[in-house]
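A.B. asks: Before anything else, here's the structure in question.
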Amino acid sequence: GDSVTQMEGPVTLSEEAFLTINCTYTATGYPSLFWYVQYPGEGLQLLLKATKADDKGSNKGFEATYRKETTSFHLEKGSVQVSDSAVYFCALHQGGSEKLVFGKGTKLTVNP
Amino acid sequence: GAVVSQHPSRVICKSGTSVKIECRSLDFQATTMFWYRQFPKQSLMLMATSNEGSKATYEQGVEKDKFLINHASLTLSTLTVTSAHPEDSSFYICSARDARAPQETQYFGPGTRLLVL
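In order, the protein sequence lines correspond to chains A and B. Position one of the first sequence corresponds to residue 3 (this note's numbering), numbered consecutively onward. Position one of the second sequence corresponds to residue 2 (this note's numbering), numbered consecutively onward.
And the structure:
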């Protein structure tokens with residue numbers, strides 16, 4: 003079945019550091035790919051998405067590019083802030099299904 | 002934007018009692034709602050998918066008699082944890098799909114923290 007694999011956390015960075023959170027997927031066909039963010043004590047919010055190969059999703063300084071050849075959708079940010087501390091989930095959606103398939107989440111802590 | 006609310010945000014109950022959690026779509030009609038359980042170390046587990054007016058579809062390993070799901074209207078789904086036990090303590094999150102939006106679009110509620118003593 004379809005699956006998403008994220009890098010194990012937790013990740014701890016200093017403010018203004020560069021962030022990469024790796025995400026790879028296994029799926030048949032051409033799924034849509036997502037990054038969701040969960041701030042402490044809250045539900046999930048959509049951060050960005052890409053629906054086809056080579057698309058780049060971006061939001062709030064975060065970016066991720068849909069790479070079909072490497073089945074990857076790595077999340078990057080050039081300069082993180084303390085307010086970016088949260089759990090980040092990579093997910094995929096397969097056309098014809100109602101479900102999202104989530105990775106296990108990566109906890110990011112940014113220190114001042 | 003689309004908003005999903007959950008009530009209560011936090012509940013503490015005694016072992017053996019039942020607890021009902023509500024999930025509401027505030028500004029759209031949700032033909033499908035999803036219930037997730039979040040375990041320590043943040044892993045999310047889909048428990049069930051509910052469609053308005055029909056029985057919920059439970060994921061493998063989820064006890065449907067323990068986790069009763071009702072989706073009686075296009076804006077409300079409820080999850081009832083029956084005869085709760087300490088191992089049911091968790092963070093429960095719902096999401097809703099707007100029928101007008103692309104199929105992959107889910108709007109998430111803020112979650113409900115359940116603690117069973």
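Where is the CB? At the ideal position from N, CA and C, for every residue including glycine. Keep in mind it's a predicted model, so treat the numbers as computed, not measured.
Across which residues does DSSP place Glu65 of chain A in a beta bridge pair?
C.D. replies: For the purposes of this step, residue 65 of chain A is identified with residue 63 of the first sequence, where counting begins at 1. A:Ser60, A:Glu78, per the DSSP bridge assignment.
A.B. asks: Which same chain residues, not among the five before or five after Thr114 of chain B, have their C-beta less than 6 Å away from its C-beta?
C.D. replies: For the purposes of this step, residue 114 of chain B is identified with residue 113 of the second sequence, where counting begins at 1. Before going further, note that residue 114 of chain B is Arg rather than Thr in the sequence given. So the list reads Arg11, Phe92, once near-sequence residues are dropped.
A.B. asks: Taking 8 Å as the cut-off, does the stretch 94-105 of chain A touch the stretch 30-42 of chain A (at least 3 CB pairs, one atom from each stretch)?
C.D. replies: Yes, the stretch 30-42 of chain A touches the stretch 94-105 of chain A.
A.B. asks: Pick from B:Arg38, B:Ala102, B:Thr18, B:Lys65: whose alpha carbon is nearest that of Phe29 of chain B?
C.D. replies: In the second sequence, the residue the question calls residue 29 of chain B occupies position 28. Ranking the options by Cα distance to Phe29 of chain B, first place goes to B:Ala102.
A.B. asks: Which same chain residues, not among the five before or five after Gly112 of chain B, have their C-beta less than 8 Å away from its C-beta?
C.D. replies: The count along the second sequence starts at 1 and reaches residue 112 of chain B at position 111. Answer for Gly112 of chain B: Gln7, Ser10, Gln39, Phe92, Tyr93, Ile94, listed in chain order.
A.B. asks: Return yes when the C-beta of Gly54 of chain B is under 7 Å from any heavy atom of the ligand HEM, and no when it is not.
C.D. replies: This structure does not include the ligand HEM; it has no bound ligands of any sort.
A.B. asks: Counting only Cβ pairs nearer than 8 Å, list the residues of chain A close to Arg98 of chain B.
C.D. replies: By one-based count along the second sequence, residue 98 of chain B stands at place 97. Chain A residues near Arg98 of chain B: Glu100.
A.B. asks: Who are the neighbours of Lys62 of chain A on chain B, taking C-beta pairs under 7 Å?
C.D. replies: For this step, residue 62 of chain A is matched to residue 60 along the first sequence. Under the 7 Å cutoff, chain B gives no residues; its nearest Cβ is about 15 Å from Lys62 of chain A.
A.B. asks: Around the Cβ of Lys62 of chain A, are there at least 16 other Cβ atoms within 10 angstroms (buried) or fewer (exposed)?
C.D. replies: The residue labelled residue 62 of chain A in the question sits at position 60 within the first sequence. Answer is exposed; the Cβ neighbour count stays below 16.
A.B. asks: Would you mind reading off the limits of the beta strand (DSSP E) that contains Glu23 of chain B?
C.D. replies: Within the second sequence, the letter at position 22 stands for residue 23 of chain B. Note, Glu23 of chain B: beta strand (DSSP E), 20-26.
A.B. asks: Determine, for Val82 of chain A, whether the minimum Cβ-Cβ distance to residues of chain B falls below 8 Å.
C.D. replies: Mapped onto the first sequence, residue 82 of chain A falls at position 80. No, Val82 of chain A does not count as interfacial toward chain B.
A.B. asks: Kindly say whether Gln61 of chain B, judged by its beta-carbon, lies nearer than 8 Å to any beta-carbon of chain A.
C.D. replies: Within the second sequence, residue 61 of chain B is the residue found at index 60, counting from 1. No - not a single Cβ of chain A is within 8 Å of the one on Gln61 of chain B.
A.B. asks: Taking only three categories from DSSP, how would you classify Asp86 of chain A?
C.D. replies: One-based indexing of the first sequence puts residue 86 of chain A at position 84. Here Asp86 of chain A sits in helix by DSSP.
A.B. asks: Looking only at its own chain, which residues have a Cβ that is under 7 Å from the Cβ of Ser87 of chain A, when we skip the five neighbours before and after it?
C.D. replies: Counting from 1 along the first sequence, the entry for residue 87 of chain A is found at position 85. Taken in chain order, the residues that qualify are Leu110, Thr111, Val112.
A.B. asks: Nearest-angstrom Cα distance between Arg98 of chain B and Tyr108 of chain B?
C.D. replies: Residue 98 of chain B sits at position 97 when you count from the first residue of the second sequence. Residue 108 of chain B sits at position 107 when you count from the first residue of the second sequence. Rounded to whole angstroms, Arg98 of chain B to Tyr108 of chain B spans 6 Å at the Cα level.
A.B. asks: To which residues does DSSP link Asn24 of chain A through a beta bridge?
C.D. replies: For the purposes of this step, residue 24 of chain A is taken as residue 22 along the first sequence, with counting starting at 1. None; Asn24 of chain A has no bridge partner.
A.B. asks: Using a C-beta cutoff of 8 Å, does Ser91 of chain B count as contacting chain A?
C.D. replies: Numbered from 1 along the second sequence, position 90 holds the residue referred to as residue 91 of chain B. Answer no: the Cβ-Cβ gap between Ser91 of chain B and chain A never drops below 8 Å.
A.B. asks: Between the Cα of Glu23 of chain B and the Cα atoms of B:Asn71, B:Glu105, B:Ser90, which residue gives the shortest distance?
C.D. replies: As a position in the second sequence, residue 23 of chain B is number 22, starting the count at 1. That would be B:Asn71, whose Cα lies nearest to the Cα of Glu23 of chain B.
A.B. asks: Just checking: is the beta-carbon of Phe68 of chain B within a distance shorter than 8 Å of some beta-carbon in chain A?
C.D. replies: By 1-based counting over the second sequence, the position of residue 68 of chain B is 67. By this cut-off, Phe68 of chain B is not an interface position.
A.B. asks: On the criterion of 16 or more Cβ atoms from any shown chain inside 10 Å, does Leu118 of chain B qualify as buried, or is it exposed?
C.D. replies: Walking along the second sequence from the start, residue 118 of chain B turns up at place 117. Counting the other Cβ atoms within 10 Å of the Cβ of Leu118 of chain B gives fewer than 16, which makes it exposed.
A.B. asks: With 8 Å as the threshold, decide whether the Cβ of Ser78 of chain B is near any Cβ in chain A.
C.D. replies: Within the second sequence, residue 78 of chain B is the residue found at index 77, counting from 1. Residue-level contact by beta carbon fails for Ser78 of chain B and chain A, as no gap is shorter than 8 Å.
A.B. asks: Got a sec: which bits of the stretch 64-79 of chain A sit with their beta carbon under 7 Å from any beta carbon on chain B, in order along the chain?
C.D. replies: none
A.B. asks: Output, in chain order, the set of chain B residues within a Cβ distance shorter than 8 Å of Glu44 of chain A.
C.D. replies: The count along the first sequence starts at 1 and reaches residue 44 of chain A at position 42. Simply Pro111, Gly112.
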